[in-house]
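A short write-up of the structure that comes next.
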Amino acid sequence: MKIEDFPVEVSPVPGAMPVWRGTVDSEQWRDLAQQVRGKGGRLVALWASELSGRDQGFEVHMALTVRSGLVWLALGVPAGQPDFPDVSDIFPAANRMQRAAFDLLGVRASGAEDNRQWLRHAAWPAHASPLRKGFDVVATYPGGVDIYPFVQVRGDGVHEIPVGPVHAGTIESGHFRFSVVGERVLRLEERLGYKHKGIEKRFEALSILDGARLAGRVSGDSTVAYAWAYCMAAEGAAFFTPPERAHWLRALLLERERIANHLGDLGFLANDAGLAFGLAQLSRLKEDMLRLNSALFGHRYLMDAIVPGGVAHDVDGSGVQAMRAQIGALRAEVRGLKGIFDEHPGLQDRFIAAGRVAPELANQLGLCGLAGRASGMSWDLRVQFPATPYDALDVRMATHRNGDVAARVTVRFEEVMESLDLCWVILDRLPRGEVCAELPIPIDSSLGLGWVEGWRGEVLVALEAGPNGSLRRVHPHDPSWQNWPLLEHAVIGNIVPDFPLINKSFNLSYSGVDL
Amino acid sequence: MYQILKKIAETGIVTEPAPGPDESLRVLQQRLEDSVLRRFAGALTIRHVDAGSCNGCELEIHATSNPYHNLEALGIRFVASPRHADMLLVTGPVSRHMETALKRTFDATPEPKLVVAVGDCGCTGGIFGESYASCGRVANVIPVDVAVPGCPPTPVAIMQGILTAISLRKPV
Chain S
1 MKIEDFPVEV SPVPGAMPVW RGTVDSEQWR DLAQQVRGKG GRLVALWASE
51 LSGRDQGFEV HMALTVRSGL VWLALGVPAG QPDFPDVSDI FPAANRMQRA
101 AFDLLGVRAS GAEDNRQWLR HAAWPAHASP LRKGFDVVAT YPGGVDIYPF
151 VQVRGDGVHE IPVGPVHAGT IESGHFRFSV VGERVLRLEE RLGYKHKGIE
201 KRFEALSILD GARLAGRVSG DSTVAYAWAY CMAAEGAAFF TPPERAHWLR
251 ALLLERERIA NHLGDLGFLA NDAGLAFGLA QLSRLKEDML RLNSALFGHR
301 YLMDAIVPGG VAHDVDGSGV QAMRAQIGAL RAEVRGLKGI FDEHPGLQDR
351 FIAAGRVAPE LANQLGLCGL AGRASGMSWD LRVQFPATPY DALDVRMATH
401 RNGDVAARVT VRFEEVMESL DLCWVILDRL PRGEVCAELP IPIDSSLGLG
451 WVEGWRGEVL VALEAGPNGS LRRVHPHDPS WQNWPLLEHA VIGNIVPDFP
501 LINKSFNLSY SGVDL
Chain X
1 MYQILKKIAE TGIVTEPAPG PDESLRVLQQ RLEDSVLRRF AGALTIRHVD
51 AGSCNGCELE IHATSNPYHN LEALGIRFVA SPRHADMLLV TGPVSRHMET
101 ALKRTFDATP EPKLVVAVGD CGCTGGIFGE SYASCGRVAN VIPVDVAVPG
151 CPPTPVAIMQ GILTAISLRK PV
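These protein sequence lines are chains S and X, in that order. Going by the numbering used here, the first sequence opens with residue 1, and the numbers climb by one from there. Going by the numbering used here, the second sequence opens with residue 1, and the numbers climb by one from there.
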């Protein structure tokens with residue numbers, strides 16, 4: 001669907017990405033979701049907010065892709081009856097987002113089949129909605145036991161394996177409930193929300209400038225993507241464009257983040273399949289990246305390197321030289337290791353056909369990011385809607401159709417090589433000039449939206465400014481919202497010992513969705 | 001196989017010297033007797049618990065095992081269960097939803113045991129602080145021997161924290 005054909009009035013949201021916003025009524029809400037879906041559009045995010053002023057009611061928001069960009073729809077919800085029409089039958093990914101909206105703001109998706117709590121465990125009662133303005137942020141409630149009604153599988157020989165929240169490896173906290181017969185997984189159900197630490201509420205106590213630091217800590221492994229998306233939103237809200245050089249340096253940082261994460265995950269994938277050599281080699285290469293990051297940009301993972309108005313560090317000639325040398329070394333090493341991976345029968349035996357998500361299912365449920373690209377979803381923001389400097393870089397998208405662990409490994413290797421090439425071109429063409437300028441304070445109630453293709457997938461940040469440089473509402477959205485439910489499908493029919501491998505091939509964020 | 005062996009030979013050993021203990025990281029006075037600590041040194045097992053981190057600290061804990069830092073060469077390894085562990089390495093502000101799990105993990109760890117809190121959030125609650133959803137620093141929930149600041153702390157700093165916890169307190 002082109003934006004000119006969009007059936008309700010929408011107006012452009014200022015900023016680096018093609019985004020339009022419109023308000024709709026509850027009939028249009030479902031109708032438009034259906035129309036967008038029919039034309040091949042996807043749900044990127046769904047969240048709620050409270051309107052400013054007491055008892056004014058709420059708004060639910062939906063960000064949908066159309067051919068021209070992103071449409072941000074807002075639906076007013078009255079304070080007296082805070083209901084909105086369910087869209088989880090149209091976009092299955094909406095299920096958990098709608099439940100989270102209820103847990104945090106008390107607005108309910110009417111007509112939804114699944115109304116179980118999602119982010120709320122026992123830290124606050126159902127009637128207290130932490131994101132309402134009247135909620136006391138330091139209030140504590142007597143805890144209690146969180147009883148979550150998992151879907152039960154019955155039959156001869158079926159038993160459950162509960163895993164987590166504390167896992168056996170050094171990974172994040174969450175609960176997995178497996179229903180198995182023997183070794184074979186019949187069903188996996190995830191229960192997340194353990195790491196909910198009140199990020200969205202915390203934003204509202206910060207200034208628009210300080211918010212960038214928190215955005216960079218929504219999911220630490222994607223700090224660059226989040227910081228960029230946040231700054232894009234803040235800069236849009238302020239009608240401000242950062243200096244040209246800052247754009248290019250941001251892309252350089254984003255690609256370095258992508259390379260480092262892919263290298264680390266490829267190492268762990270080899271390790272989970274029994275090839276410790278792969279982890280030793282690839283974690284060595286990742287460490288090389290981190291050390292150069294620290295030397296040039298002041299932080300190993302590039303936290304706080306992107307700031308509202310630009311970037312915090314410029315690079316000089318010797319820095320460019322060091323990065324070029326590293327790109328050269330990495331190209332040769334990664335190519336060699338890919339050869340070893342490809343020709344290792346034991347590794348391929350574990351990778352091929354494990355954790356398969358067929359393209360049809362990926363499309364139906366809205367799989368995104370690198371996992372999406374490994375299942376035939378040819379979608380990469382850097383290609384679809386290239387913001388500066390990607391419009392000048394001509395990114396080659398890595399896609400695959402098999403949708404198994406092997407496909408996700410292949411996509412990651414290809415993306416590492418492509419990002420190395422991109423870094424090389426960026427260093428060649430880095431424009432001269434300032435790297436940061438002062439961000440003007442956006443006027444009260446102005447809106448901004450950031451949308452960035454991080455290493456895991458598309459990160460979205462929606463922002464509404466408050467008075468005097470404050471933040472009224474910030475919603476950071478992680479691509480893991482879309483992809484976690486697909487992991488449940490990917491493991492069906494696989495054996496339990498393959499779960500760590502399949503899980504790692506997605507490597508989804510817990511912190512990013514627990515908020 | 002030849003390619004793998006060739007690569008191993010070409011890479012050689014890249015491990016760097018380990019850091020020494022740092023007295024300033026101690027939170028509690030030394031809890032365990034010297035004789036116990038002497039046994040831990042050289043054969044320590046660690047259970048990591050993410051009590052609510054942004055996952056940045058996990059990246060650096062992983063990095064302690066890469067060939068440059070090679071924590072395992074010091075006789076220190078990560079284990080799959082608190083019941084096998086001598087030390088808990090805890091990251092994050094403790095989310096209220098992880099409070100019970102963290103306490104249970106602590107209780108499941110056999111005595112004598114040590115706790116190292118990792119990262120600014122583990123030390124103070126960090127940018128997330130204390131709220132309806134967060135209990136703040138790790139010491140608000142379980143006793144902490146050593147706290148390692150940093151956002152996230154470098155692998156060397158984390159190793160230093162671990163080594164401080166199993167070192168004898170230096171007389172001042």
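No residue lacks a Cβ here, since even glycine has one placed at the ideal position from N, Cα and C.
Per-residue contacts from residue i into chain X (C-beta, under 8 Å)
| i | result |
| --- | --- |
| M303 (chain S) | G56, C151 |
| F58 (chain S) | What F58 (chain S) touches in chain X: nothing, since even the nearest Cβ is about 19 Å away. |
| E172 (chain S) | D50, S53, N55, E58 |
| A168 (chain S) | A80, S81 |
| P130 (chain S) | Y132, A133 |
| W481 (chain S) | Under the 8 Å cutoff, chain X gives no residues; its nearest Cβ is about 16 Å from W481 (chain S). |
For residue j and residue i, the rounded distance between their alpha carbons
| i | j | result |
| --- | --- | --- |
| A128 (chain S) | A133 (chain X) | 12 Å |
| D22 (chain X) | V87 (chain S) | 55 Å |
| T100 (chain X) | A51 (chain X) | 10 Å |
| H489 (chain S) | L59 (chain X) | 27 Å |
| H167 (chain S) | E111 (chain X) | 21 Å |
| K113 (chain X) | G457 (chain S) | 40 Å |
| Q482 (chain S) | G20 (chain X) | 45 Å |
| V146 (chain X) | L88 (chain X) | 11 Å |
| V163 (chain S) | L32 (chain S) | 40 Å |
| V24 (chain S) | V8 (chain S) | 8 Å |
| T105 (chain X) | D394 (chain S) | 50 Å |
| T170 (chain S) | S81 (chain X) | 11 Å |
| G134 (chain S) | Q152 (chain S) | 38 Å |
| A280 (chain S) | L337 (chain S) | 11 Å |
| G220 (chain S) | D156 (chain S) | 43 Å |
| H121 (chain S) | G376 (chain S) | 36 Å |
| I142 (chain X) | L422 (chain S) | 47 Å |
| V137 (chain S) | P308 (chain S) | 26 Å |
| Y176 (chain X) | V49 (chain X) | In the structure as shown, chain X starts at 1 and stops at 172, and residue 176 (chain X) therefore has no counterpart that could be examined. |
| I13 (chain X) | D103 (chain S) | 52 Å |
8 Å Cβ cutoff met for residue i and residue j
| i | j | result |
| --- | --- | --- |
| A63 (chain S) | V44 (chain S) | yes |
| G454 (chain S) | V461 (chain S) | no |
| G339 (chain S) | Q3 (chain X) | yes |
| T91 (chain X) | C57 (chain X) | yes |
| S470 (chain S) | N55 (chain X) | no |
| A165 (chain X) | R137 (chain X) | no |
| N66 (chain X) | S283 (chain S) | yes |
| A79 (chain S) | G57 (chain S) | yes |
| A354 (chain S) | D404 (chain S) | yes |
| G42 (chain X) | P93 (chain X) | no |
| I127 (chain X) | L463 (chain S) | no |
| F84 (chain S) | L70 (chain S) | no |
Beta-ladder partner(s) of residue i, from DSSP
| i | result |
| --- | --- |
| H48 (chain X) | X:L89 |
| I76 (chain X) | X:L44 |
| H175 (chain S) | S:R191 |
| H477 (chain S) | S:L460 |
| P125 (chain S) | Looking at the DSSP assignment, P125 (chain S) forms no beta bridge with any residue, so it has no partner. |
| I306 (chain S) | S:V311 |
Element boundaries [alpha helix (DSSP H), containing residue i]
| i | result |
| --- | --- |
| V425 (chain S) | 405 to 429 |
| W484 (chain S) | 480 to 490 |
| W228 (chain S) | 223 to 237 |
| H159 (chain S) | Unbroken run through H159 (chain S) is the beta strand (DSSP E), 158 to 163; no alpha helix (DSSP H). |
| P155 (chain X) | 155 to 165 |
| L501 (chain S) | 499 to 506 |
| D31 (chain S) | 26 to 38 |
| L290 (chain S) | 276 to 297 |
Beta-carbon neighbours of residue i, restricted to chain X and to distances below 7 Å
| i | result |
| --- | --- |
| F297 (chain S) | Chain X residues near F297 (chain S): none, gap ~15 Å exceeds 7 Å. |
| H121 (chain S) | H97 |
First and last residue of the uninterrupted beta strand (DSSP E) at residue i
| i | result |
| --- | --- |
| E50 (chain S) | 43 to 50 |
| F268 (chain S) | It is not in any beta strand (DSSP E) - F268 (chain S) instead sits in the alpha helix (DSSP H) that spans 244 to 272. |
Neighbouring residues, chain S, relative to residue i (Cβ below 8 Å)
| i | result |
| --- | --- |
| H84 (chain X) | Result: empty, since nearest Cβ-Cβ is about 10 Å, beyond 8 Å. |
| F106 (chain X) | Within 8 Å Cβ-Cβ: nothing; F106 (chain X) doesn't reach chain S, min ~11 Å. |
| E130 (chain X) | V138 |
| K7 (chain X) | F277, Q281, G336, L337, I340 |
| Q3 (chain X) | G336, G339, I340, E343 |
| N66 (chain X) | A280, S283, R284, K286, E287 |
Amino acids of chain S, ordered along the chain, whose beta-carbon sits closer than 9 Å to that of residue i
| i | result |
| --- | --- |
| P93 (chain X) | K197 |
Under 9 Å by beta carbon: chain X residues contacting residue i
| i | result |
| --- | --- |
| D89 (chain S) | Ordered by position in chain X, no residue passes the 9 Å Cβ test against D89 (chain S), which lies about 29 Å from the chain. |
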